[in-house]
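Add 490 to a position in the sequence shown, counting from 1, and you land on the number used in the working numbering.
Heads up, the beta-carbon is just placed ideally off N, CA and C, and yes, glycines get one too.
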Amino acid sequence: MGSDLEMTVYEETLIKIKKLSFQDLTPDCDLRMCYSDRFLCHPERGKDRAEGSLLCYNIFTMSKGAFTNIIGHEMVCQLLERILKNHRFAHAYLFIGPSNVGKTTVAEAFLKELMGITTTLESHPDTFFLHRLTDEKTGKLKTGISVKQIRELKEKLSMTSLEGGWKAVLIPEAHLMTSGAANALLKTLEEPLGKTMIILCAPDVSAVPQTIASRCQLLRFSLVAKEVLTKALQKRGLSPSQAISFSAVSAGRPGRALRLIQDGGFRAQMETAVSSTLSFFHASLAERITLIQSLLPKEESEKQQVMREQLNLWEQVLRDQLLCTIDCQKYTMHPSEESFGTKTTEQWMNILKTLLEVRQILSSNINSQLALEHIAFSL
Numbered sequence: 491m492g493s494d495l496e497m498t499v500y501e502e503t504l505i506k507i508k509k510l511s512f513q514d515l516t517p518d519c520d521l522r523m524c525y526s527d528r529f530l531c532h533p534e535r536g537k538d539r540a541e542g543s544l545l546c547y548n549i550f551t552m553s554k555g556a557f558t559n560i561i562g563h564e565m566v567c568q569l570l571e572r573i574l575k576n577h578r579f580a581h582a583y584l585f586i587g588p589s590n591v592g593k594t595t596v597a598e599a600f601l602k603e604l605m606g607i608t609t610t611l612e613s614h615p616d617t618f619f620l621h622r623l624t625d626e627k628t629g630k631l632k633t634g635i636s637v638k639q640i641r642e643l644k645e646k647l648s649m650t651s652l653e654g655g656w657k658a659v660l661i662p663e664a665h666l667m668t669s670g671a672a673n674a675l676l677k678t679l680e681e682p683l684g685k686t687m688i689i690l691c692a693p694d695v696s697a698v699p700q701t702i703a704s705r706c707q708l709l710r711f712s713l714v715a716k717e718v719l720t721k722a723l724q725k726r727g728l729s730p731s732q733a734i735s736f737s738a739v740s741a742g743r744p745g746r747a748l749r750l751i752q753d754g755g756f757r758a759q760m761e762t763a764v765s766s767t768l769s770f771f772h773a774s775l776a777e778r779i780t781l782i783q784s785l786l787p788k789e790e791s792e793k794q795q796v797m798r799e800q801l802n803l804w805e806q807v808l809r810d811q812l813l814c815t816i817d818c819q820k821y822t823m824h825p826s827e828e829s830f831g832t833k834t835t836e837q838w839m840n841i842l843k844t845l846l847e848v849r850q851i852l853s854s855n856i857n858s859q860l861a862l863e864h865i866a867f868s869l
């Protein structure tokens with residue numbers, strides 16, 4: 491069953507109903523909704539997919555208004571446009587989805603429209619960004635957002651808005667709040683202060699305390715379809731071949747794709763990372779264990795982020811191998827990959843399952859090296 495918000499948008503943005511065969515759907519469809527720019531599926535119709543068909547609703551002609559420059563995320567943008575139009579605001583939202591997919595960018599666009607800001611959001615006196623602070627001793631980012639930061643935020647929110655309107659808070663890494671910080675924020679979520687809007691961003695709903703998530707309106711962000719991302723990159727000046735290449739390496743993450751365009755150093759880093767990942771899967775077990783030791787940084791504070799990025803790359807490669815076993819090479823993210831062996835579809839599925847299990851417990855205090863070695867042994 492979809493949320494009330496999803497059902498409202500389904501009912502209000504319905505333009506046209508079509509009966510489609512399973513083959514007509516993009517590979518990005520899941521059992522609840524299709525995240526393609528062409529189709530919005532009824533939240534309750536996902537079960538129809540098992541019968542080989544799915545009722546979808548064409549929203550391709552709908553304008554994204556304030557979100558015109560957003561790549562993908564058509565459904566989320568339609569939801570937020572409707573909220574802005576009808577002034578039916580929740581006091582807190584939780585945006586969840588993969589890193590670099592556009593959660594913070596969409597949140598900023600939403601808040602700028604809400605508050606009528608034409609300059610940068612950071613320069614507005616009634617907007618507050620909560621990031622990890624830099625450790626003065628090491629010069630590196632701290633591992634989490636502290637309770638002190640939340641208390642300082644609450645003090646600012648208790649004051650009258652300088653411009654007499656909304657006060658807004660954006661926490662791009664809400665999953666990195668310490669337990670004390672989360673508990674302190676919980677009190678603010680339970681007792682919202684006037685016209686205050688809080689947006690939290692996290693990779694998954696399980697990455698934040700359930701008490702926090704339950705007090706927020708949840709919006710899910712999916713990876714952007716490859717054809718949508720490729721088209722957007724071409725509009726930004728890339729040649730068709732460059733757009734296809736960057737889209738593949740970005741794996742559905744617009745933020746990563748745009749950084750590849752702007753940052754040559756990052757582009758070289760990503761190419762090396764993909765190459766290393768392919769080498770890992772071609773290596774023997776002993777070589778894999780050695781490679782894992784070289785992958786993880788010495789600093790404990792950096793291990794989880796590195797591990798998260800590594801799991802993303804491994805998932806892309808394993809997904810491609812699975813697609814190749816069922817003759818769906820055209821949907822792969824890295825078309826030039828070689829086969830890693832003669833594993834069956836079931837074997838690749840089991841390896842992916844192991845990887846996803848590790849991802850789910852990533853927010854716990856697990857031993858990063860042992861977790862990656864567990865995946866290496868499953869190959």
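* Asked: So is the beta-carbon of Pro-744 under 7 Å away from any non-hydrogen atom of the ligand SAM?
  -> The ligand content of the structure shown is nil, which means the ligand SAM is not present either.
* Asked: Looking at C-alpha atoms only, which residue of Leu-690, Val-714, Glu-681 and Leu-723 is the closest neighbour of Leu-708?
  -> When only C-alpha atoms are compared, the closest one is Leu-690.
* Quick one: Cα of Leu-846 to Cα of Thr-558, how far? -> The straight-line gap from Cα to Cα measures roughly 33 Å.
* Under 8 Å, do Gln-794 and Ser-712 count as touching if we go by C-beta distance? -> Judged by their CB atoms, Gln-794 and Ser-712 are not nearer to each other than the 8 Å cut-off.
* To do: For chain B, find out if any of its Cβ atoms is closer than 8 Å to the Cβ of Gln-724; answer yes or no.
  => Protein chains in the displayed structure number just one, and chain B is not present.
* Would you identify the three-state DSSP class for Phe-618, choosing helix, strand or coil? => Strand.
* Since Ala-597 and Leu-647 are thought to touch, with beta carbons under 8 Å apart, how far apart are those beta carbons, to the nearest angstrom? -> A Cβ-Cβ separation of about 17 Å leaves Ala-597 out of contact with Leu-647 under the 8 Å criterion.
* Pick from Leu-860, Ala-672, Thr-822 and Gln-800 that is closest to Lys-716, judged by C-alpha positions -> Thr-822
* Asked: To the nearest angstrom, how far is it from the Cα of Leu-862 to the Cα of Ile-841?
  -> 12 Å
* **Unbroken stretches of the beta strand (DSSP E), 3 residues or longer, contained in the region 677 to 728** => 686 to 692 and 707 to 710
* **Selected residue, minimal CA-CA separation from Phe-770, among Asp-694, Ile-865, Glu-792 and Thr-834** => Among Asp-694, Ile-865, Glu-792 and Thr-834, the Cα nearest to that of Phe-770 is on Ile-865.
* Within 10 angstroms of its Cβ, does Lys-575 collect 16 or more other Cβ (buried), or is it exposed? -> exposed
* Using the rule of at least 16 other Cβ atoms within 10 Å of the residue's Cβ for burial, across every protein chain shown, is Cys-818 buried or exposed? -> exposed
* Taking Cβ to Cβ, would you say Pro-699 is nearer than 8 Å to Ala-672? -> yes
* Asked: If you draw a straight line from the C-alpha of Leu-781 to the C-alpha of Ser-613, how long is it?
  -> 44 Å
* Asked: Curious, which full-length beta strand (DSSP E) runs of at least 3 residues does the region 563 to 600 contain?
  -> 582 to 586
* For Gly-606, collect the residues of the same chain with a Cβ closer than 7 Å to its Cβ; drop the 5 residues on either side in sequence, then sort them by chain order. => When the five nearest sequence neighbours on each side are left out, no beta carbon in the same chain lies closer than 7 Å to the beta carbon of Gly-606.
* By Cβ distance, which residues of its chain are closer than 7 Å to Ile-560, with the 5 residues on each side in sequence left out? -> Excluding its 5 nearest sequence neighbours in each direction, Ile-560 has C-beta neighbours in its own chain below 7 Å: Lys-554, Cys-567, Gly-592, Thr-595, Val-596 and Ala-599, listed in chain order.
* Asked: Where are the beta strand (DSSP E) runs, 3 residues long or more, that stay fully inside the region 629 to 662, in chain order?
  -> 657 to 661
* Measuring CA to CA, which of Ala-582, Pro-588 and Met-565 is closest to Gln-800? -> Pro-588
* Asked: Relative to the C-alpha of Gln-806, which residue among Thr-701, Ala-741 and Arg-622 is closest?
  -> Ala-741
* To do: Using 10 angstroms around the beta-carbon of Pro-730, count the other beta-carbons present and answer buried if the total reaches 16, otherwise exposed.
  => exposed
* To do: Determine the contact status of Arg-726 and Ile-751, defining contact as a CB-CB distance below 8 Å.
  => yes
* Asked: According to DSSP, is Ile-549 helix, strand or coil?
  -> Low local confidence applies: a pLDDT of 32 at Ile-549 is under 50, so the model's placement there is unreliable, and no value is given.
* Output the boundary residues of the alpha helix (DSSP H) element that contains Thr-780. => Where Thr-780 is concerned, the enclosing alpha helix (DSSP H) stretches over 775 to 785.
* Please say whether Ala-763 and Leu-719 have beta carbons closer to each other than 8 Å? => no
* What are the uninterrupted segments assigned as alpha helix (DSSP H) that are 4 or more residues long and contained completely in the region 736 to 772, given in chain order? -> 744 to 752 and 754 to 772
* Asked: What's the C-alpha gap between Leu-666 and Leu-679?
  -> 17 Å
* **8 Å Cβ cutoff met for Arg-798 and Leu-860** => no
* Asked: By a C-beta neighbour count over all protein chains shown, 10 Å radius and 16 as the cutoff for buried, is Glu-836 buried or exposed?
  -> With fewer than 16 Cβ atoms within 10 Å of its Cβ, Glu-836 is classed as exposed.
* To do: Sort Arg-622, Thr-628 and Lys-644 by Cα distance to Ile-635 and report the nearest one.
  => Arg-622
* Asked: What's the gap between the Cα of Gly-754 and the Cα of Val-739?
  -> 14 Å
* To do: May I ask you to report which of helix, strand or coil DSSP gives Thr-815?
  => For Thr-815, the secondary structure class from DSSP, reduced to helix, strand or coil, is helix.
* **Contacts around Ile-816, its chain only, beta-carbon distance under 7 Å, and the 5 residues preceding and following it disregarded** => So the qualifying residues of the chain are Thr-835.
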